[in-house]
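Student: Sharing a structure, written as structure tokens. Questions coming.
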Amino acid sequence: MNEKYKKIFEPLTIKRMTVKNRVVMPPMGTNFANMDGTFCIPHLAYYEQRAKGGVGLITLENACIDYPMGTNGARQLRMDNDQYISGLWNFNERMHAYGAATSVQLNHAGASAYGLRLEGNQPVSASNVPSKKGNPVPRPLTTEEVYAIIDKYAEAADRAQRSGFDCVEIHAGHSYLLSQFLSPIYNKRTDEFGGSPENRARLTCLVLDAVRKRVGPQFPIALRFSADELLPGGNSVQDTLEILDYFVDKVDILNVSAALNDSLQYQIDKMNLADGWRSFMAKEVKERYPEKVVMTSGNIRDPKQATAILEKGEADLLAMGRGLIAEPNWVNKVASGKEGLLRKCISCNIGCADHRIVKARPIRCTVNPDLHYEDQYKLRPVKNPTKMVVIGGGTAGLEAAATAAEVGVMVELFEAKDYLGGLGQEISRLPDKKRINDFISYQINRCQELPNLKIHKNRPFNPAALESIKPDIIVNATGAKPLLPPINGLHEELAKADRKVFSIFDLLNGMDNFQEFKGKEIVVIGGGAVGLDVVEYYAERGAAKVSIVEMQRELGKDLDLITKLAMMEIVEKYKVNVYTSTKLTQVNKSDFLVEDENGCMINLNFDLGFICLGMRADAPLLPELQAYALAE
1 MNEKYKKIFE PLTIKRMTVK NRVVMPPMGT NFANMDGTFC IPHLAYYEQR
51 AKGGVGLITL ENACIDYPMG TNGARQLRMD NDQYISGLWN FNERMHAYGA
101 ATSVQLNHAG ASAYGLRLEG NQPVSASNVP SKKGNPVPRP LTTEEVYAII
151 DKYAEAADRA QRSGFDCVEI HAGHSYLLSQ FLSPIYNKRT DEFGGSPENR
201 ARLTCLVLDA VRKRVGPQFP IALRFSADEL LPGGNSVQDT LEILDYFVDK
251 VDILNVSAAL NDSLQYQIDK MNLADGWRSF MAKEVKERYP EKVVMTSGNI
301 RDPKQATAIL EKGEADLLAM GRGLIAEPNW VNKVASGKEG LLRKCISCNI
351 GCADHRIVKA RPIRCTVNPD LHYEDQYKLR PVKNPTKMVV IGGGTAGLEA
401 AATAAEVGVM VELFEAKDYL GGLGQEISRL PDKKRINDFI SYQINRCQEL
451 PNLKIHKNRP FNPAALESIK PDIIVNATGA KPLLPPINGL HEELAKADRK
501 VFSIFDLLNG MDNFQEFKGK EIVVIGGGAV GLDVVEYYAE RGAAKVSIVE
551 MQRELGKDLD LITKLAMMEI VEKYKVNVYT STKLTQVNKS DFLVEDENGC
601 MINLNFDLGF ICLGMRADAP LLPELQAYAL AE
């Protein structure tokens with residue numbers, strides 16, 4: 001055990017469940033399940049990697065307790081009848097084999113139910129308020145239906161216990177059914193389940209009573225809730241503490257989360273939120289209920305921050321969701337002093353959130369290429385001596401080089417710059433994107449551990465060297481450069497020494513030259529990821545006026561859901577001027593001439609103008625590399 005972080009590795013006993021350390025894998029939807037609600041083999045393998053990696057408590061993703069009305073997600077596990085017990089039992093046997101305790105989240109989606117699985121039914125809720133903007137309007141549940149759903153929770157808890165779980169978690173947050181009753185945003189009822197905090201708490205109270213009656217006094221019950229809904233008119237932390245008074249004595253673990261569907265960027269944390277940012281909410285809950293086990297979450301990546309939360313008594317358990325998708329071996333690496341080899345989640349939210357929520361795909365991870373079988377490729381080394389040349393030391397080049405070296409290939413990597421990480425390292429210079437550098441640090445540390453991988457920095461690759469190296473494999477990973485179309489005046493202005501027009505690389509490679517914000521008027525051409533990064537940089541730091549121009553009908557069309565929500569929040573908060581369906585026609589020294597969809601010409605004056613029209617591949621050596629390969 002790593003003594004620096006010994007608090008993380010202290011066991012904790014909660015009734016008859018003992019958790020071997022303080023790290024919890026919270027429930028996260030995966031879209032891995034079979035269409036009939038059962039496990040597939042890769043699904044089990046995914047959880048097994050996290051159990052093998054040392055996690056103390058694994059909470060199985062939310063399982064449907066009332067099909068189809070309570071379903072959540074394109075492919076969701078089910079436990080609404082006994083036929084699912086054998087699969088759940090198998091899951092528990094595999095997790096317990098590695099010493100992990102297990103829980104399962106019991107959830108009814110209510111108005112957040114997945115539409116394509118509702119079989120033509122209208123979703124249900126406390127009232128007729130959609131669970132997020134643009135969602136279908138639900139119908140209010142009748143009193144009889146409310147009590148029938150309470151029975152469903154109790155039946156599912158009984159199945160969980162019979163399936164071998166050590167605990168159950170009841171989901172009362174994140175815009176699901178219990179949250180829809182607890183929150184004044186959704187609950188407009190006038191009966192015994194609406195109005196006062198006590199009435200809004202009634203359904204959760206009855207669910208917890210019914211579950212306790214089924215599982216008995218010694219079986220731990222956790223409750224996940226949104227401590228602060230982070231929306232106007234929603235519950236604040238103080239409101240939630242008042243509501244908790246009505247049922248806190250019925251639960252053993254308080255899982256303190258945050259946000260609703262329309263504040264999703266604080267539920268599935270956006271990139272620029274600090275490590276453990278939510279722990280202040282857990283602290284208030286812990287101070288009010290010191291006898292209860294309290295769990296916190298929120299971009300917890302760094303073992304130092306994780307330890308600090310525990311040592312300060314802000315929480316007793318640490319939920320690491322996306323962090324364990326990216327790095328299943330977080331616990332074992334920290335325990336063995338290998339913090340430098342942690343593949344930390346960068347909170348990009350592309351494969352884990354956007355794939356699942358928007359695209360109905362199985363989850364993936366930007367920094368972890370295999371969620372199911374992790375390092376099994378290392379068990380299949382090359383059989384014959386093999387040489388590989390990698391040209392370019394960005395994230396793609398580093399990943400290719402390390403992966404090949406790990407299976408026995410002799411690798412030489414050539415990087416023209418004096419640093420590694422390429423565009424990823426450059427983007428991480430933006431204050432709100434600094435997490436990206438965590439991945440590059442991991443890649444560099446990983447490469448340094450491989451004796452058969454040699455890295456040459458400050459060394460542009462000369463194709464003539466291929467004759468002496470004689471590689472069997474060549475990887476061309478020379479990255480990208482800004483897309484700069486032939487727009488009137490653009491190239492002329494960019495070529496001037498004394499200029500006000502810049503590309504994204506000018507900003508990233510010269511941050512010291514872009515530190516003036518007050519009184520500055522900024523115009524950004526291009527409303528994709530890069531352009532919005534520039535808007536974020538200037539708007540948050542007090543620029544007098546920020547404008548953004550985009551040819552398509554919306555900003556951030558290809559962004560992941562969480563980043564887009566975060567960026568639109570910035571656009572609204574800082575009153576950014578938005579010109580969509582608008583194209584750039586002329587670049588002048590201090591203004592851009594743009595044309596809107598009606599053919600109107602607009603002059604946008606600026607102190608600084610940025611051209612952010614995307615990237616294109618930069619592969620100047622490719623013809624020579626292809627010629628060499630063909631000759632061989």
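Mind the numbering: the sequence shown is residues 1 to 632 in full-length UniProt numbering, read in order. Every residue, glycine too, gets a C-beta built ideally from N, C-alpha and C.
Spatial neighbours of I58 within its chain, please: C-beta separation below 7 Å, excluding the five flanking residues on both sides.
Tutor: Cβ within range, chain order: M25, Y47, R50, A51, M95, A100, T102.
Student: Which residues bound the beta strand (DSSP E) around Q49?
Tutor: From DSSP, Q49 is part of no beta strand (DSSP E) but of the alpha helix (DSSP H) over 41-52.
Student: Between which two residues does the alpha helix (DSSP H) harbouring G397 extend?
Tutor: Where G397 is concerned, the enclosing alpha helix (DSSP H) stretches over 395-406.
Student: Between Y377 and the rest of its own chain, which residues show a CB-CB distance below 8 Å, the 5 nearest in sequence each way excluded?
Tutor: Within the same chain, Y377 has close Cβ partners D370, T403, E406, V407.
Student: For P471 and E572, I'd like the C-alpha separation in whole angstroms.
Tutor: If you take the alpha carbons of P471 and E572, they lie about 53 Å apart.
Student: Grouping DSSP H, G and I as helix and E and B as strand, with all else coil, what is C345?
Tutor: C345 falls in the coil class under three-state DSSP.
Student: Taking buried to mean at least 16 other C-beta atoms within 10 Å of its own C-beta, is T204 buried or exposed?
Tutor: It counts as buried.
Student: Roughly how many angstroms lie between the CA atoms of A315 and T478, to the nearest whole one?
Tutor: Straight-line Cα distance between these residues: approximately 45 Å.
Student: Measure how close the beta-carbons of L561 and D354 come, nearest whole angstrom, since I'm counting them as under 8 Å.
Tutor: Between D354 and L561 the Cβ distance is about 5 Å, and since that is below 8 Å, they are a contact.
Student: Name the one or two DSSP bridge partners that G609 has.
Tutor: According to DSSP, G609 bridges with V501, V523.
Student: Who are S112's beta bridge partners in DSSP?
Tutor: Paired residue(s): none; S112 is not in a bridge.
Student: With DSSP collapsed to three states, give me the class of H491.
Tutor: The answer is helix: DSSP assigns H491 an H, G or I state.
Student: Any chance you could list the alpha helix (DSSP H) runs of at least 4 consecutive residues sitting entirely within the segment 254-303, in chain order?
Tutor: Those alpha helix (DSSP H) runs which fall completely within the segment 254-303 and span 4+ residues are 279-288.
Student: If I follow the unbroken alpha helix (DSSP H) through H456, where does it start and stop?
Tutor: Note, H456: premise wrong, no alpha helix (DSSP H); beta strand (DSSP E) at 453-456.
Student: From D533 to D438, what distance separates their C-alpha atoms?
Tutor: Their Cα atoms are separated by approximately 18 Å.
Student: Please classify L622 as buried or exposed, where buried requires at least 16 other C-beta atoms within 10 Å of its C-beta.
Tutor: Exposed is the call here.
Student: If L507 and F514 are in contact, beta carbons under 8 Å, what's the gap, nearest whole angstrom?
Tutor: Going by Cβ atoms, the distance from L507 to F514 rounds to 5 Å, so yes, they are a contact pair.
Student: Give me the Cα-Cα distance between P217 and A157, rounded to the nearest whole angstrom.
Tutor: Taking the straight line from one Cα to the other gives about 13 Å.
Student: Which same chain residues end up closer than 6 Å to G424 when comparing Cβ atoms and leaving out the 5 residues on each side of it in sequence?
Tutor: Around G424: T395, I436, I440.
Student: Measure from the alpha carbon of I522 to the alpha carbon of each residue in F9, A464, V578, then state which is nearest.
Tutor: The option with the nearest alpha carbon to I522 is V578.
Student: What does N577 pair with, by DSSP beta-bridge criteria?
Tutor: S547, per the DSSP bridge assignment.
Student: Could you tell me the distance, in whole angstroms, from the CA atom of Y373 to the CA atom of H171?
Tutor: So the two alpha carbons sit approximately 29 Å from each other.
Student: So who's on the other strand from residue 678, going by DSSP bridges?
Tutor: Here the chain covers residues 1 to 632 and nothing more, so residue 678 does not appear.
Student: Which residue marks the beginning of the alpha helix (DSSP H) containing C447, and which one marks its end?
Tutor: Segment 436-448, the alpha helix (DSSP H) holding C447.
Student: How do the segment 304-324 and the segment 271-287 stand: do at least 3 beta-carbon pairs fall below 8 Å, yes or no?
Tutor: Yes, they touch.
Student: How many whole angstroms separate the CB atoms of S175 and N261, which I take to be in contact at a CB cut-off of 8 Å?
Tutor: Sure, about 4 Å apart at Cβ, within 8 Å.
Student: Rounded to a whole number of angstroms, what is the C-alpha to C-alpha distance between F91 and A63?
Tutor: Answer to the nearest angstrom: the Cα atoms are 13 Å apart.
Student: Taking buried to mean at least 16 other C-beta atoms within 10 Å of its own C-beta, is F505 buried or exposed?
Tutor: Exposed, because fewer than 16 other Cβ atoms sit within 10 Å of the Cβ of F505.
Student: Should G134 and R356 be called a contact, given that it needs their Cβ atoms to be closer than 8 Å?
Tutor: It is not a contact, given that the beta carbons lie outside the stated cut-off.
Student: Determine the burial state of C167: buried for a count of at least 16 other Cβ atoms within 10 Å of its Cβ, exposed for fewer.
Tutor: So C167 counts as buried.
Student: Should N368 go down as buried or exposed, given a rule of 16 or more other Cβ atoms within 10 Å for buried?
Tutor: By the neighbour-count rule (16 or more Cβ atoms within 10 Å), N368 is buried.
Student: Taking the CB atoms as reference points, tell me whether V285 and D252 lie closer together than 8 Å.
Tutor: No; because the gap between Cβ atoms is not below 8 Å, this pair is not in contact.
Student: Is it true that the CB of R459 sits closer than 8 Å to the CB of F414?
Tutor: Against a cut-off of 8 Å, the Cβ pair of R459 and F414 comes out as a contact.
Student: Considering K387, what are the terminal residues of the alpha helix (DSSP H) in which it resides?
Tutor: No alpha helix (DSSP H) holds K387; the beta strand (DSSP E) holding it covers 387-391.
Student: By Cβ distance below 7 Å, which residues in the same chain neighbour L565 in space, the five residues on each side in sequence not counted?
Tutor: Same-chain partners within the cutoff: L264, Q265.
Student: Should D82 be labelled buried (16 or more other beta-carbon atoms within 10 Å of its own) or exposed?
Tutor: Classification for D82: exposed.
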